[in-house]
Ligand SMILES: NC(=O)c1ccc[n+]([C@@H]2O[C@H](COP(=O)([O-])OP(=O)(O)OC[C@H]3O[C@@H](n4cnc5c(N)ncnc54)[C@H](O)[C@@H]3O)[C@@H](O)[C@H]2O)c1
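Numbering (the numbering used here), first residue to last: 1 to 417.
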């Protein structure tokens, strides 16, 4: 395989394109957003994007015509009723069905986007078949769910093992050999695209459920005046059968708060109520409001009315050391505080244009740590207190309560006060 077409040049697609160029593929990136195409072409988002082995275009039809392999990394969000929106997958499948050469010689089409089980069979197969292609002969179809973790320097894309499922045995062989060349990691073949899709949702639902569990524990221990972090650390000394997750201000991003619904929805359409998955979503979605309420409560106890207070939110991104704000708990915390007419300032070192102040040291009534960016872990709490801050709400439990108190701050964490 020489020539690769990649649909979608967002967080995932740009990294796949960069790696494919590194591994000597000729790459054409396709995106419906002309600004995304432009920045990829300029080499701003795709490393080596300005090399003559890379093209970027909005015209998917001509890009797939002579592609040997096609990788699909388009978004699969939820709509306002928590139903998965597969319109981008449908759009790409239409473009591939009409754009492929009449004699495609076994083009490999891989979906990397996170999808509900059944998507390949229900959406992609019928479109290609209607265009006259035989799956497993003219075209091979596989699903290799993406596992990239932007901002994680320990696990780079090339090193993360992957799960591969396909429609046919030959399709699976083709997919495995493609990823063997693209990655340095093991590929775990499974019997179908449905198993591959389910495995991805299990991975993210597992995180969602475990985070919900420690959030629930933290809220309960808070009532009992037991320090949740200390109790979790103690439980974590068991050398088997326990994995420590951390309570926090909320779960954000494009995966964990979204993917469980892919299974919830499929289960519901088959008459099954996914109680456990729904409960985890409910608990985690409640956390931003909890943080805001603890902030207001602590302000009032200290003699400041919330409508007269200014609160500095540290971090707008949904996770540390990235600038991605999708579904960030920041928004829920902010909205809840604004319902009390509290004034808000924002500082995020990864988002200078979206920050209202240019340093974490401000004269405000309370500081709320929303995102545990590395820069925040080393904050000088004495300097914070000297700036005029009375209250520190630690939404990620990264500070020592004792140190915060000895710096002169009233400290409240998640399940520790
Ligand atoms: N970002 C991650 O860390 C991550 C990790 C694992 C899995 N995923 C999954 O990968 C998929 C992509 O995620 P992302 O974060 O890269 O999304 P993104 O929103 O950052 O990027 C998607 C890109 O696709 C483009 N696009 C939309 N419709 C298109 C179409 N019809 N044709 C061509 N381009 C189109 C958009 O303009 C955008 O640039 C999603 O299913 C997501 O759940 C993401």
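For every residue, glycine included, the Cβ atom is placed at its ideal position computed from N, Cα and C.
Check                                                                                                                                                           : Outcome
In the structure shown, what three-state DSSP assignment does residue 391 receive?                                                                              : strand
Can you name the start and end residues of the alpha helix (DSSP H) that residue 323 belongs to?                                                                : From DSSP, residue 323 is part of no alpha helix (DSSP H); its letter is neither H nor E.
Are the CB atoms of residue 372 and residue 306 nearer to each other than 8 Å?                                                                                  : no
Give the single residue among 378, 139 and 145 whose Cα lies nearest to the Cα of residue 103.                                                                  : 139
Whose C-beta lies closer than 6 Å to the C-beta of residue 334 among residues of the same chain, with five residues either side of it excluded?                 : 344
Can you tell me the Cβ-Cβ gap for residue 294 and residue 393, rounded? I've got them flagged as a contact below 8 Å.                                           : 6 Å
Could you tell me the alpha carbon to alpha carbon distance between residue 130 and residue 70, rounded to whole angstroms?                                     : 19 Å
Is it buried or exposed, residue 349, if we count other Cβ atoms within 10 angstroms and call 16 or more buried?                                                : buried
Alpha carbons only, please: which of 230, 107 and 236 is nearest the one belonging to residue 175?                                                              : 107
Could you spell out the range, first to last residue, of the beta strand (DSSP E) harbouring residue 189?                                                       : 187-189
Which term fits residue 406, buried or exposed, when burial requires 16 or more other beta carbons within 10 angstroms of its beta carbon?                      : exposed
Run the CB neighbour count on residue 200, radius 10 Å, all protein chains shown included, and call it buried at 16 or more, exposed below.                     : buried
Using 8 Å as the threshold, is the region 7-18 in touch with the region 27-35, meaning 3 or more CB pairs across them?                                          : yes
Which partner residues does residue 345 have in the DSSP bridge list?                                                                                           : 312
Thinking C-alpha only, which one of 185, 231, 39 and 79 is nearest residue 265?                                                                                 : 79
Which of the three DSSP states, helix, strand or coil, is assigned to residue 54?                                                                               : strand
In whole angstroms, what separates the C-alpha of residue 163 from that of residue 229?                                                                         : 34 Å
Helix, strand or coil for residue 290? Go by DSSP, reduced to three states.                                                                                     : helix
For ligand 1, I want to know if residue 149 counts as a neighbour, meaning its beta carbon is within less than 7 Å of at least one of the ligand's heavy atoms. : yes
When you compare the CB positions of residue 5 and residue 93, do they come within less than 8 Å of one another, or not?                                        : no
Identify whether residue 224 lies in helix, strand or coil by the three-state DSSP scheme.                                                                      : coil
In angstroms, rounded to a whole number, what distance separates the CA positions of residue 315 and residue 330?                                               : 7 Å
Alpha carbon to alpha carbon, what distance is there between residue 7 and residue 292?                                                                         : 40 Å
So the candidates are 296, 378 and 100; which of them puts its Cα closest to the Cα of residue 339?                                                             : 296
Three-state secondary structure (DSSP) at residue 69?                                                                                                           : strand
Could I get the ranges of all uninterrupted alpha helix (DSSP H) runs contained in the region 100-149, with 4 residues as the minimum, in chain order?          : 125-130
Should residue 31 be listed as close to ligand 1, given that the test is whether its C-beta is under 7 Å from any heavy atom?                                   : yes
Looking at C-alpha atoms only, which residue of 125, 298 and 389 is the closest neighbour of residue 193?                                                       : 125
Beta-carbon within less than 6 Å of residue 77's beta-carbon, same chain only, minus the 5 sequence neighbours each way: which residues are those?              : 85
Tell me the rounded alpha-carbon separation between residue 375 and residue 357.                                                                                : 15 Å
If you run the structure through DSSP and keep just helix, strand and coil, what is residue 258?                                                                : coil
How about residue 387 and residue 362: do their beta carbons lie closer than 8 Å?                                                                               : yes
What residue range is occupied by the uninterrupted alpha helix (DSSP H) comprising residue 376?                                                                : 374-377
If we count the other Cβ atoms within 10 Å of its Cβ and call it buried at 16 or more, is residue 82 buried or exposed?                                         : exposed
Run through the DSSP bridge pairs and tell me what residue 369 is partnered with.                                                                               : 314 and 394
Considering only DSSP beta bridges, list what residue 28 is partnered with.                                                                                     : 5 and 55
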